[in-house]
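Top line first, the protein sequences correspond to chains A and B.
Residue numbers for the first sequence follow the numbering used here, beginning at 2 and rising by one.
Residue numbers for the second sequence follow the numbering used here, beginning at 2 and rising by one.
Number of protein chains: 2
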Amino acid sequence: MNPTTLEAALAVLRERVAPLAAETVPLGAAYGRVLAAPVVSTVFVPPFAKAMVDGYACRAEDTFGAAPFSPRELRVAFEVMPGAVSGRALASGEAARIMTGAPMPEGADGVVMLEHAALEGSAIRLVQALPPGKNVAARGEDVAAGDVVAAAGRALRPEDVGLLAAVGARAVSAHRIPSLVVFSSGDELLDAVSEEAPRAGAIFDANGPMLEALARREGALVRRGGILRDERATVRAALAAGSEATRGADVTVTSGAASKGKEDWMPEVVSELGALWVHGVSIRPAHPIGFGRIGERLHFLLPGNPVAAWIGFRYFVRPALRLLSGLAPDEAFRPERTRSALLARKIPSVIGRTDFARVRFTEDGRVEPLRTGGAGMLTTVTRADGVVVVPRELEGLEEGAAVEVDLL
Amino acid sequence: MNPTTLEAALAVLRERVAPLAAETVPLGAAYGRVLAAPVVSTVFVPPFAKAMVDGYACRAEDTFGAAPFSPRELRVAFEVMPGAVSGRALASGEAARIMTGAPMPEGADGVVMLEHAALEGSAIRLVQALPPGKNVAARGEDVAAGDVVAAAGRALRPEDVGLLAAVGARAVSAHRIPSLVVFSSGDELLDAVSEEAPRAGAIFDANGPMLEALARREGALVRRGGILRDERATVRAALAAGSEATRGADVTVTSGAASKGKEDWMPEVVSELGALWVHGVSIRPAHPIGFGRIGERLHFLLPGNPVAAWIGFRYFVRPALRLLSGLAPDEAFRPERTRSALLARKIPSVIGRTDFARVRFTEDGRVEPLRTGGAGMLTTVTRADGVVVVPRELEGLEEGAAVEVDLL
């Protein structure tokens, strides 16, 4: 194991992980998907000039000069309802009762709000001139035919889905959602999800359920691989390209057996079955992390210690899932939410190693590191508010240093 | 319609919306759920003192005084593997080969790393004293029996799921996930999702698909209500307690027909079927918004303009869904992500009204408002990076003002 720097390891991911193929996704399922092709509108939104308020459609010029001492009267000639097009044009001296959202009748270029027009018999009386275009949404004001309403590479937000619906897009071309299988490795592990009975010397597997939930948060399709016993043949059979457990998966993740101890089969098995691109990264925790390829599938070897597995997911597996989903590299590697803060207490580290320190906010809005070390202590993550990265050029971060917190 | 202030309207939600009932949720489905009861560990994590590295378990006192010029020799008496408990205690002068994660044998209180011990025949030679406890995770170091590992009201994060698995929690008590039905209202609307054919005077419904996606993002169970025609009887039948369309729903949302125009049936129908708690809020956009109760169900009347519907969801429906899910009020009403910034351009408003201005970041990191008004223009949302709230005490916000941006 010849440890790489964090930057070099992430550069390998960035270069070698490409978006999954595009597929057609119906509009009702498009939320969260990343577009493989831009969506170009074929229509105008709105498709016609429409009233923005309930009131009377008029010709603005008919109202010019209207004032309390010289009101203008317009005859209410007809009514226009939403969803119907008026067959009749508005003549000079006429007004049409109109509802919000209804198409403006031909000839009309403004709407007087209901409360600003006094209805007397079949006429309205106006005491104020109406500027042309008032209370009217112009045809194509929001979107013109030919406009790109969502660019390729965009992760569709709910409001994008609204806009796609507005232009009548029935389906979009989006990258496939990555599917992922999570395995835990170790003879000492008990499966809490399948309610395995406790036994002496054994511990409940925290990593499997945690990694599955982490992948779900990224929108991946998740399958349980369960627990692998510490036997070379078992591990090999489970991870082989085309194995039943991994069939159809774009990504597999194992936690445990990742280092170079007596029963750490993973690096060897991955090398044999495919290619181990990186093994060992000068970071803390999670330095035995590795990743490579088995068939067409990406494989990640995460350490068995839960905090290390968690860090490995956050800084390696998550960006890989985002690249597969079709996000641009800068976006794929960007932390979800960050906040600037000052350090309430020093974080020690060593030059040449990148440290991921779990921190929490103090009452006065600064951040302090939680107990470092203890890669087995998941409570240092559940109690944390975020992570501060100590870059490898530094021996640590001093009290009072300005840091960027990667928020949980 | 006698408009309330934003603060008064939200106070009504806060007071009247209570968490949904608790149910038992298996661990594998617990991610994202809000705990109705705390989870108390019945076990220690780790359940026994365990080795944190591969190496040799020793009695630390046997190594005291070890130095390059006076090495200590220990006989390697047996081996301990993960998942197995050693039946044998470590005697003085002995060491045991041990693997990461294996239980410490009785009598041993430290582990020498493999690379720090020279194996010669069946003995190891140490040239440095081992501090007691070195490379050992103490029993219960992470969690002690009786510890609360997750408090009631906590929205379970992936790492919480890991910790719950670690303590062998097979299921948790969590609040029900709110289920929601979304209707759009208007004769002018076409359904893009069901691929309705265009017709003159009609527009595609943007709100339904958008509101469905917004609710999905909050983790709600979403059902399509589809488009309601502008007929009193139709609206009434769809929204009545126990109607087929709304059966089992905790929340219904309609967009359109919310104001007080000729065919704005919603306020009247909701009043008749249940209670309209609030109708009309002095905000912009979305001032015709309302909400109340029909049977046991919450009902929201959102305006038909897409931007107004979007604002109504974000500042009214979202916190209500979060309250129903079991989050504490402060958390339910808290924006998801905010960032402080300076205004690059003035945002005008009027005293007495709270404005929600869509903004985007400029190249130099300040924020500028997108075209205000145009409540129909969904592109002012899809192009936005966030929302700045102009409080009702102010006539607007000046260029250079420090603002908190509610990020999209």
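Note that the Cβ used here is the ideal one computed from N, Cα and C, for glycine as well.
Work out the CA separation of residue j and residue i for me, nearest whole Å.
{"i": "Pro83(B)", "j": "Pro330(B)", "result": "46 Å"}
{"i": "Ser93(B)", "j": "Arg60(B)", "result": "7 Å"}
{"i": "Lys135(B)", "j": "Ala90(B)", "result": "18 Å"}
{"i": "Val54(A)", "j": "Gly102(A)", "result": "8 Å"}
{"i": "Ala175(B)", "j": "Gly220(B)", "result": "14 Å"}
{"i": "Gly401(A)", "j": "Met378(B)", "result": "46 Å"}
{"i": "Tyr32(B)", "j": "Pro159(B)", "result": "6 Å"}
{"i": "Ser341(A)", "j": "Asp110(A)", "result": "51 Å"}
{"i": "Gly284(B)", "j": "Phe205(A)", "result": "For the sequence presented, residue 284(B) should be read as Ile rather than Gly. In a straight line, the C-alpha of Ile284(B) is about 52 Å away from that of Phe205(A)."}
{"i": "Gly227(B)", "j": "Arg218(B)", "result": "19 Å"}
{"i": "Val368(A)", "j": "Ala345(A)", "result": "5 Å"}
{"i": "Asp188(B)", "j": "Ile290(B)", "result": "20 Å"}
{"i": "Glu332(B)", "j": "Glu394(A)", "result": "38 Å"}
{"i": "Arg319(A)", "j": "Ala9(B)", "result": "42 Å"}
{"i": "Asp356(A)", "j": "Tyr316(A)", "result": "12 Å"}
{"i": "Glu24(A)", "j": "Arg177(A)", "result": "6 Å"}
{"i": "Val18(B)", "j": "Phe65(A)", "result": "51 Å"}
{"i": "Pro133(A)", "j": "Asn208(B)", "result": "29 Å"}
{"i": "Pro48(B)", "j": "Pro307(A)", "result": "15 Å"}
{"i": "Ala139(A)", "j": "Gly366(A)", "result": "49 Å"}
{"i": "Phe334(B)", "j": "Ala152(B)", "result": "20 Å"}
{"i": "Gly262(A)", "j": "Pro268(A)", "result": "11 Å"}
{"i": "Pro199(A)", "j": "Ala130(B)", "result": "36 Å"}
{"i": "Val81(A)", "j": "Pro106(A)", "result": "8 Å"}
{"i": "Ala38(A)", "j": "Ala118(A)", "result": "49 Å"}
{"i": "Ile352(B)", "j": "Glu16(A)", "result": "54 Å"}
{"i": "Glu6(B)", "j": "Val389(B)", "result": "The sequence given here places Thr at residue 6(B); Glu does not occur at that position. So the two alpha carbons sit approximately 17 Å from each other."}
{"i": "His300(B)", "j": "Ser272(B)", "result": "11 Å"}
{"i": "Arg233(B)", "j": "Ala239(B)", "result": "10 Å"}
{"i": "Leu191(B)", "j": "Leu229(B)", "result": "11 Å"}
{"i": "Gly56(B)", "j": "Ser87(B)", "result": "15 Å"}
For a quick check, are the C-beta atoms of residue i and residue j less than 8 Å apart?
{"i": "Leu222(A)", "j": "Leu181(A)", "result": "yes"}
{"i": "Ala96(A)", "j": "Ala78(A)", "result": "yes"}
{"i": "Arg361(A)", "j": "Arg338(A)", "result": "no"}
{"i": "Arg171(A)", "j": "Ala193(B)", "result": "yes"}
{"i": "Val270(B)", "j": "Leu165(B)", "result": "no"}
{"i": "Arg237(B)", "j": "Leu274(B)", "result": "yes"}
{"i": "Pro210(B)", "j": "Leu322(B)", "result": "no"}
{"i": "Gly296(A)", "j": "Ala358(A)", "result": "no"}
{"i": "Ser186(A)", "j": "Gly293(A)", "result": "no"}
{"i": "Pro20(A)", "j": "Leu324(A)", "result": "yes"}
{"i": "Met100(B)", "j": "Glu264(A)", "result": "yes"}
{"i": "Val168(B)", "j": "Val183(B)", "result": "no"}
{"i": "Pro72(A)", "j": "Leu120(A)", "result": "no"}
{"i": "Val252(A)", "j": "Val13(A)", "result": "no"}
{"i": "Ala287(A)", "j": "Gly313(A)", "result": "yes"}
{"i": "Ala412(A)", "j": "Leu371(A)", "result": "Given a span of 2 to 409 for chain A in the structure shown, any question on residue 412(A) remains unanswerable."}
{"i": "Gly202(B)", "j": "Ala85(A)", "result": "yes"}
{"i": "Arg298(B)", "j": "Thr247(B)", "result": "yes"}
{"i": "Val173(B)", "j": "Pro4(B)", "result": "no"}
Assuming residue i and residue j make a contact with CB atoms under 8 Å, what is their CB distance in whole Å?
{"i": "Ile348(A)", "j": "Val391(A)", "result": "6 Å"}
{"i": "Leu75(A)", "j": "Ala124(A)", "result": "6 Å"}
{"i": "Gly154(A)", "j": "Leu36(A)", "result": "7 Å"}
{"i": "Glu396(B)", "j": "Ser350(B)", "result": "6 Å"}
{"i": "Val137(A)", "j": "Val112(A)", "result": "6 Å"}
List, in order along the chain, the chain D residues whose C-beta lies closer than 8 Å to that of residue i?
{"i": "Asp161(A)", "result": "Considering every chain present, this structure includes no chain D. Its protein chains are A and B."}
Could you run through the region 167-194 of chain B and flag, in chain order, every residue whose CB is less than 8 Å away from some CB of chain A?
Ala167, Val168, Gly169, Ala170, Arg171, Gly187, Asp188, Glu189, Leu190, Leu191, Ala193, Val194
At a cut of 8 Å, does the region 144-154 of chain B reach the region 35-54 of chain B through at least three beta carbon pairs?
yes
Closer than 7 Å, Cβ to any Cβ of chain A: which residues of the region 306-325 of chain B, in chain order?
Pro307, Trp311
Counting only Cβ-Cβ distances shorter than 9 Å, please list the residues of the region 15-37 of chain A near chain B, keeping chain order.
Pro27, Leu28, Gly29, Ala31, Tyr32, Gly33
Could you name the residues of the region 80-94 of chain A whose beta carbon sits closer than 8 Å to any beta carbon of chain B, in the order they occur along the chain?
Met82, Pro83, Gly84, Ala85, Val86
With 7 Å as the limit, tell me which residues of the region 140-155 of chain A have their beta carbon closer than that to any beta carbon of chain B; keep them in chain order.
Glu142, Asp143, Val144
So if I threshold CB-CB distances at 9 Å, which residues from the region 202-224 of chain B count as touching chain A?
Gly202, Ala203, Ile204, Phe205, Asp206, Ala207, Asn208, Gly209, Pro210, Met211, Leu212, Glu213, Ala214, Leu215, Ala216, Arg217, Arg218
What are the residues in the region 326-356 of chain A lying within 7 Å of chain B by C-beta distance?
Arg338
Pull out every residue of the region 227-247 of chain A whose Cβ sits closer than 7 Å to any Cβ of chain B, in chain order.
none
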